[in-house]
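Engineer: Residue numbers (the working numbering): 320 to 734.
Yeah, the Cβ is synthetic: ideal placement off N, Cα and C, and Gly gets one too.
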Amino acid sequence: MAVKIEDIRVICTAPEGINLVVIKVETNQPGLYGLGCGTFAYRHLIVKQIVEEYLKPLLVGRDAENIEGLWQLMHQNAYWRNGPAENNAISGVDMALWDIKGKMAGMPCYQLFGGKCREGIPVYRHAEGSDLSELCENIEKFREMGITHLRCQCGGYGGGCYGEAPATAPAGSPGGVYLDSRRYIRDTVKLFEGIRSRIGYEMALVHDVHERIAPIEALRLAKELEPFDLFFLEDPVPLEQIDWLKILRGQTSIPIAQGELFNNPAEWKRLISERLIDFIRVHISQIGGITPARKLQIFAEQFGVRTAWHGPGDMSPLAHAANIHVDLAAPNFGVQEWSGIEPPNFVIQDLKGPHGALLEVFPGLPEYRDGYVYANDKPGLGVDLDEKEAAKYPCENTVTLWTQTRLRDGGLQTP
Ligand code: MG
């Protein structure tokens, strides 16, 4: 008997204060359903509406097994394609369909992708400190946990956190994350010099520019960081300035990871085919789910580009699981960003403790042990949703502040 889509529901929940969007696809088979992530934390209601008002009427009654066909149908249905809200909505359904497919096969999703290339996934974590000493103390705590790859930042991305306009800004300037790019570059070079002199060269280090400086400044930073053996420099240029990567590539040997804001294959095709980046790090739900992510991973493999999927706190455990399942089966896997167990304002001593709310809402989150993350071997993505628990943590709509990044003169800089 054909497995038909009977209903598609959206469950919004914020167990750790971040708005998460889960899409549940229910079938005509008793107990057979799939779960996917469509989290667009800062626009969650739009995703919910696209799924409920447009994708559900489009898909109910169709065969749940035809993932590729249904993905194309969703992708082309609105005529205009590749928008972030639309892609997240499609992703939620797409992941849920892969979850269903795995449950039907009695296999975890990585088996559907060809099986494992490795048993566990090396992950990188995020270490912060207000100065070199504090950062090195935190690095040491991660090292004790078995972490081998670490992103190191000092005082927020670009060296700034949200606050009132500083005295150096024009009178009457609004609040924001004020950045001084020249000081940031000086401080960052000094920081990495200090880290390497204290901890040596064994640990693989990453630094995230987060698009917060001008492309020519990113080039200077990249060149000056070369002696400190970075695993990669993350998002050195804004989405709108990716043509600069060719210039960056021609002048520095630093490995480049780019792409957590990408939505559209047109944004990554040339970067990969011309080998202008070393790591592609899209946000899987942002490009439309597992189906396009697998195509991207296989495309990148042909050009020697490795994957380093975006894995921040503002995605659900279902998306973290999707990352891990694709990683397990990818020969060109590089490293995985992992913050799946961190609450928004985490403190490091909590990392080994229980993350009660998130784990109760989403039983089955892949587990971190001694430097690696392991998928469980349940069929599908292996992560469930306890709807009663989820309902205890309603989402809130607020004006997002951290994206209001400003230059010294108060003008906006990409966040
Ligand atoms: Mg980043």
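1) E453 lies in the alpha helix (DSSP H); which residues open and close that run?
2) Which residues in the same chain have their Cβ closer than 6 Å to the Cβ of T571, if we skip the five residues on either side of it in sequence?
3) Give the list of continuous alpha helix (DSSP H) stretches no shorter than 4 residues that lie fully inside the segment 546-589.
4) What's the gap between the Cα of D326 and the Cα of V718?
5) Does the Cβ of A585 have 16 or more other Cβ atoms within 10 Å, making it buried, or fewer, making it exposed?
6) For D527, which residues from the same chain have a beta carbon less than 7 Å from its beta carbon, with the 5 sequence-adjacent residues on both sides left out?
7) Report the residue from Q732, L647 and G569 whose alpha carbon sits nearest the alpha carbon of Y691.
8) Secondary structure at P636, three-state DSSP: helix, strand or coil?
9) Could you give the DSSP three-state label for V344: helix, strand or coil?
10) With a 10 Å radius around its C-beta and 16 neighbouring C-beta atoms as the bar for buried, classify C356 as buried or exposed.
11) Between which residues of its own chain and N338 is the CB-CB distance below 6 Å, once the five residues before and five after are set aside?
12) I want to check one thing, is the minimum distance from the CB of E447 to the heavy atoms of ligand 1 below 7 Å?
13) Run through the segment 660-734 for me and flag every whole beta strand (DSSP E) of 3 or more residues, listed as ranges in chain order.
14) Please name the residue or residues paired with V496 in a DSSP beta bridge.
15) Per DSSP, which residues does H529 bridge with? Please list them.
16) Check whether the Cβ atoms of H277 and Y352 lie closer than 8 Å to each other.
17) Does DSSP classify A619 as helix, strand or coil?
18) Please classify D562 as buried or exposed, where buried requires at least 16 neighbouring CB atoms within 10 angstroms.
19) With distances taken from CA atoms, which of S410, L389 and A333 is nearest S604?
20) Report the option in Q560, I535, G578 and I532 whose CA atom is closest to the CA atom of F551.
21) Beta-carbon within less than 7 Å of V666's beta-carbon, same chain only, minus the 5 sequence neighbours each way: which residues are those?
22) What is the rounded straight-line gap between the Cα of D418 and the Cα of T733?
23) Please determine, among G607, W587 and G632, the residue with the shortest C-alpha to C-alpha distance to R625.
24) Out of N347, E456, V556 and M634, state which residue places its alpha-carbon closest to the alpha-carbon of R381.
25) Are three or more beta carbon pairs between the segment 625-644 and the segment 695-704 nearer than 8 Å?
26) Shorter than 7 Å, the distance from the beta carbon of H529 to the closest heavy atom of ligand 1, or not?
27) Would you identify the three-state DSSP class for D382, choosing helix, strand or coil?
28) Is D499 near ligand 1 - that is, is its Cβ less than 7 Å away from at least one heavy atom of it?
29) Please list the terminal residues of the continuous beta strand (DSSP E) segment that includes I330.
30) I think V370 touches V329, with their Cβ atoms under 8 Å apart; what is that distance to the nearest whole Å?
31) Roughly how far, in whole angstroms, is the beta-carbon of E483 from the beta-carbon of G494, given that I think they are within contact range, below 8 Å?
32) With three or more beta-carbon pairs closer than 8 Å as the criterion, would you say the segment 401-408 touches the segment 442-456?
33) According to DSSP, is F652 part of a helix, a strand, or is it coil?
34) What first and last residue would you give for the alpha helix (DSSP H) that runs through E405?
35) Less than 7 Å between C-beta atoms, sequence neighbours within five positions excluded: which residues of the same chain meet that for E536?
36) Suppose the cutoff is 6 Å on Cβ atoms and the five residues either side in sequence are ignored; what does the same chain contact list for V366 look like?
Structural biologist: Reading off the structure:
1) L451 to E463
2) A541 and K542
3) 563-570
4) 32 Å
5) exposed
6) R470, Q472, Y476, E553 and D554
7) L647
8) helix
9) strand
10) buried
11) A360, H363 and C714
12) no
13) 686-688 and 691-693
14) Y481 and T724
15) Beta-bridge pairing links H529 to no other residue.
16) Nothing can be reported for residue 277, as the shown portion of the chain is limited to 320 through 734.
17) helix
18) exposed
19) S410
20) G578
21) Since pLDDT at V666 reaches only 38, below the 50 mark, its modelled position is unreliable, and no value is offered.
22) 35 Å
23) W587
24) N347
25) yes
26) yes
27) strand
28) no
29) I324 to T332
30) 5 Å
31) 5 Å
32) no
33) strand
34) P403 to A424
35) S500 and I504
36) V340, G357, F359, A404, N407 and A408
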